[in-house]
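A.B. asks:
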Amino acid sequence: MKELIDNIQKSIYDPKYYQSVLAEPMRGSFKYFVSLALLLTVFLTIISSISLVVNANDLAHNFPPQFFAYFPDELQVTVTNGVASANVPEPYLLTIPDKWKSAITNGDNVQNIAVIDTITPFSMDQFIAYKSAFWLGRDQIAYRGDNGAVKIQQFGKGMNFVINEAIMRDFEQKIAPYYRFIGPIIVILVFVVLSIGLAFNIVYLLFGALLIMGLGYVMNRRLSFTEAYRVGLHALTLPLLIDVLIAMSSLSFMRIPFIPTLIMLVVVYVNFKDASPSVTKTESVSMPAPQP
Numbered sequence: 019m020k021e022l023i024d025n026i027q028k029s030i031y032d033p034k035y036y037q038s039v040l041a042e043p044m045r046g047s048f049k050y051f052v053s054l055a056l057l058l059t060v061f062l063t064i065i066s067s068i069s070l071v072v073n074a075n076d077l078a079h080n081f082p083p084q085f086f087a088y089f090p091d092e093l094q095v096t097v098t099n100g101v102a103s104a105n106v107p108e109p110y111l112l113t114i115p116d117k118w119k120s121a122i123t124n125g126d127n128v129q130n131i132a133v134i135d136t137i138t139p140f141s142m143d144q145f146i147a148y149k150s151a152f153w154l155g156r157d158q159i160a161y162r163g164d165n166g167a168v169k170i171q172q173f174g175k176g177m178n179f180v181i182n183e184a185i186m187r188d189f190e191q192k193i194a195p196y197y198r199f200i201g202p203i204i205v206i207l208v209f210v211v212l213s214i215g216l217a218f219n220i221v222y223l224l225f226g227a228l229l230i231m232g233l234g235y236v237m238n239r240r241l242s243f244t245e246a247y248r249v250g251l252h253a254l255t256l257p258l259l260i261d262v263l264i265a266m267s268s269l270s271f272m273r274i275p276f277i278p279t280l281i282m283l284v285v286v287y288v289n290f291k292d293a294s295p296s297v298t299k300t301e302s303v304s305m306p307a308p309q310p
């Protein structure tokens with residue numbers, strides 16, 4: 019770990035270190051970048067997972083009792099051969115409890131979670147008038163999708179099921195033992211997503227190495243593609259650290275495209291500006307004197 023921290027500091031600024039990078043094989047730079055990416059991934063996973071795991075566990079243990087306290091005891095919906103029916107007078111509205119409104123409405127003109135109306139043919143005007151997130155109709159369910167767009171899912175002719183409180187309680191009791199896996203699953207998913215995001219930089223450097231080669235050409239420092247790629251694996255250190263700091267703060271809006279690339283090129287320039295320029299060696303060939 020001490021060696022990694024030392025290399026992180028040198029990758030931000032240490033011209034002599036960058037000269038040594040050019041002399042080392044590619045695997046050394048890859049090992050450094052993978053170690054850096056793993057360190058950042060573990061750190062971000064811990065920071066990101068804490069609130070997610072706490073909220074998910076709270077939801078898993080507190081939402082079911084609240085839901086069953088809200089769900090009408092007498093309500094039963096039956097779908098037989100793709101045709102829905104209910105044992106309550108229609109239209110039957112399930113209003114949104116006050117404590118759920120902020121999470122469900124999202125600023126939309128929605129006052130009900132669902133309306134059950136298997137008699138009235140579907141129409142947009144009627145759906146809007148119901149001010150509901152869902153409309154269970156005779157052979158379809160309509161719901162509000164992204165950006166308020168209304169989507170309709172038809173029931174298949176062979177679809178058969180029954181929904182009531184007893185059935186849902188039985189289902190909840192069956193899955194309750196698995197709630198303890200919510201935390202580990204979230205941690206694993208966060209780790210995988212972050213790992214993929216950081217690993218993308220390895221692909222990105224196929225382009226970034228070309229920019230480093232171009233910068234080297236301007237600085238009269240000729241770099242091959244593999245040399246530029248090795249340099250890039252180290253020069254990405256500062257952009258990644260800045261990105262992590264932004265992700266941890268409330269300044270995510272400050273992420274501007276291509277700024278990490280610009281920072282990477284600045285790191286390369288600062289660490290190579292005083293290096294000796296590349297010298298192209300040429301050999302002089304003496305031509306034999308013509309024979310008389």
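In terms of our numbering, the sequence shown opens at residue 19 and continues consecutively. Beta carbons are placed, not taken as given, at the ideal position from N, Cα and C, and that holds for glycine.
(1) According to DSSP, simplified to helix, strand and coil, what is residue 93?
(2) For residue 235, which three-state DSSP category applies?
(3) For a minimum of 4 consecutive residues, which ranges assigned as the alpha helix (DSSP H) are wholly contained in the segment 142-170?
(4) Here's the rule I'm using: 16 or more other beta-carbon atoms within 10 Å means buried, otherwise exposed. How should residue 45 be labelled?
(5) For residue 97, which residues of its own chain have a beta-carbon under 7 Å away from its beta-carbon, when the five flanking residues on both sides are left out?
(6) Pick out whichever of 217, 249, 262, 113 has its Cα sitting closest to the Cα of residue 228.
(7) Near residue 292, what residues of its chain come up, given a Cβ to Cβ distance below 7 Å and the 5 sequence neighbours on each side ignored?
(8) Three-state secondary structure (DSSP) at residue 199?
(9) I need the straight-line Cα distance from residue 257 to residue 21, nearest angstrom please.
(10) Would you mind giving the Cβ-Cβ distance between residue 160 and residue 145, rounded to the nearest angstrom? I have them listed as a contact below 8 Å.
(11) Measure the C-alpha to C-alpha separation of residue 67 and residue 205 and round it to an integer number of angstroms.
(12) Kindly indicate the opening and closing residues of the alpha helix (DSSP H) around residue 87.
(13) Would you be able to state if there are at least three C-beta pairs under 8 Å between the segment 180-194 and the segment 54-72?
(14) On the premise that residue 130 lies in contact with residue 150, defined as a C-beta separation below 8 Å, what is that separation, rounded to the nearest angstrom?
(15) In its own chain, which residues sit with a C-beta less than 8 Å from the C-beta of residue 262, not counting the 5 before and 5 after it?
C.D. replies: Reading it off the structure:
(1) Three-state result, residue 93: coil.
(2) Shown here, residue 235 sits in a helix according to DSSP, grouped into three states.
(3) Taken in chain order, the complete alpha helix (DSSP H) segments of 4 residues or longer contained in the segment 142-170 are 142-148.
(4) Within 10 angstroms of the beta-carbon of residue 45 lie fewer than 16 other beta-carbons, which makes it exposed.
(5) Taken in chain order, the residues that qualify are 173, 177, 178, 179.
(6) The shortest Cα separation from residue 228 among 217, 249, 262, 113 belongs to 249.
(7) The beta carbon of residue 292 sits closer than 7 Å to those of 33, all from its chain and outside the five residues before and after it, given in chain order.
(8) For residue 199, the three-state secondary structure derived from DSSP is helix.
(9) Answer to the nearest angstrom: the Cα atoms are 20 Å apart.
(10) Right, the Cβ-Cβ distance comes to about 6 Å (below 8 Å), so this counts as a contact.
(11) Between the alpha carbons of residue 67 and residue 205 lies a distance of about 6 Å.
(12) Its alpha helix (DSSP H) spans residues 44-88.
(13) Not touching, per the Cβ criterion.
(14) Indeed they touch by this definition, with Cβ atoms about 4 Å apart.
(15) If we look at residue 262 and ignore the five residues flanking it on each side, its Cβ neighbours are 58, 61, 62.
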